[in-house]
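Below is one structure, written out as structure tokens; comments come after it.
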């Protein structure tokens with residue numbers, strides 16, 4: 005197994021942290037899937053649709069359109085199952101290596117994967133929840149929308165929204181004292 009040590013040469017505590025939506029990128033996990041069957045098999049799971057696979061690993065074409073490919077992968081119903089598959093493909097590989105975290109957590113969407121790592125839900129349930137959550141979020145919006153991460157504090161973001169006088173953009177998340185997320189059309 006994996007054994008990390010801290011500065012006192014004592015076994016250290018380690019955690020698994022699962023990322024949320026926004027961490028997706030084209031070809032994420034491709035190298036793992038090419039070399040490790042544990043990782044590849046997640047992408048072949050029946051809960052990962054052909055559409056998710058095709059938008060995560062778009063066919064190489066010339067001239068390629070990276071902006072179009074990236075936009076396709078940011079669609080919630082695609083991004084969330086893709087992030088789940090990437091996370092689970094890495095988790096399977098770490099499990100094989102003996103990884104046993106002392107703690108696990110997830111940011112936003114990553115909470116589903118943290119629940120799986122903690123043993124609260126199965127891998128199949130995690131993939132199914134990723135699909136359901138992504139579809140539910142897609143179905144709640146009847147117009148194009150998006151999110152924007154700002155490197156600022158909450159009071160500044162609230163003032164910015166007041167100054168802009170837009171009722172459709174909201175302060176959606178306070179990630180840290182110096183980062184907030186705005187959401188709107």
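In my numbering, the protein residues as written are 5 to 189.
The beta-carbon is built from N, C-alpha and C at its ideal position, and this holds for glycine as well.
Every value quoted in this text rests on a predicted model; they were computed, and no experiment measured them.
Using the Cβ count rule (16 or more neighbours within 10 Å means buried), how would you classify residue i?
i           : result
residue 20  : buried
residue 120 : buried
residue 150 : exposed
residue 15  : exposed
residue 32  : buried
residue 123 : exposed
residue 174 : exposed
residue 59  : buried
residue 134 : buried
residue 83  : buried
residue 12  : exposed
residue 169 : exposed
residue 71  : exposed
residue 108 : buried
residue 118 : buried
Under a three-way DSSP split, which group does residue i fall into?
i           : result
residue 5   : Confidence in residue 5 is poor, its pLDDT being 49 and thus under 50, which makes the residue's placement unreliable; the coordinate value appears in the next sentence. Correct three-state label for residue 5: coil.
residue 104 : coil
residue 182 : coil
residue 143 : helix
residue 73  : helix
residue 188 : strand
residue 148 : coil
residue 16  : coil
Between residue i and residue j, which are expected to be in contact by the criterion C-beta below 8 Å, what is the C-beta distance as a whole number of angstroms?
i           : j           : result
residue 81  : residue 142 : 4 Å
residue 136 : residue 185 : Contact flag wrong, Cβ pair sits at about 22 Å.
residue 61  : residue 36  : Residue 61 to residue 36, Cβ: 12 Å. No contact.
residue 28  : residue 98  : The Cβ separation is near 20 Å, so there is no contact.
Have a look at the options and flag the residue whose alpha-carbon is nearest the alpha-carbon of residue i.
i           : options           : result
residue 148 : 172, 40, 160, 129 : 172
residue 165 : 88, 187, 98, 75   : 187
residue 182 : 161, 189, 108     : 161
residue 51  : 18, 167, 86       : 86
residue 110 : 88, 128, 103, 101 : 88
residue 102 : 13, 18, 189       : 18
residue 180 : 159, 107, 63      : 159
residue 127 : 155, 157, 176, 90 : 90
residue 129 : 49, 72, 39        : 49
residue 30  : 63, 105, 38       : 63
residue 79  : 56, 156, 39, 99   : 56
Three or more C-beta pairs below 8 Å linking the segment 16–33 and the segment 101–114: Taking 8 Å as the limit for Cβ pairs, the verdict is that the segment 101–114 does touch the segment 16–33.
Within the chosen definition, does the segment 78–94 reach the segment 34–52 through at least 3 CB pairs nearer than 8 Å? At 8 Å Cβ cutoff, the stretches touch.
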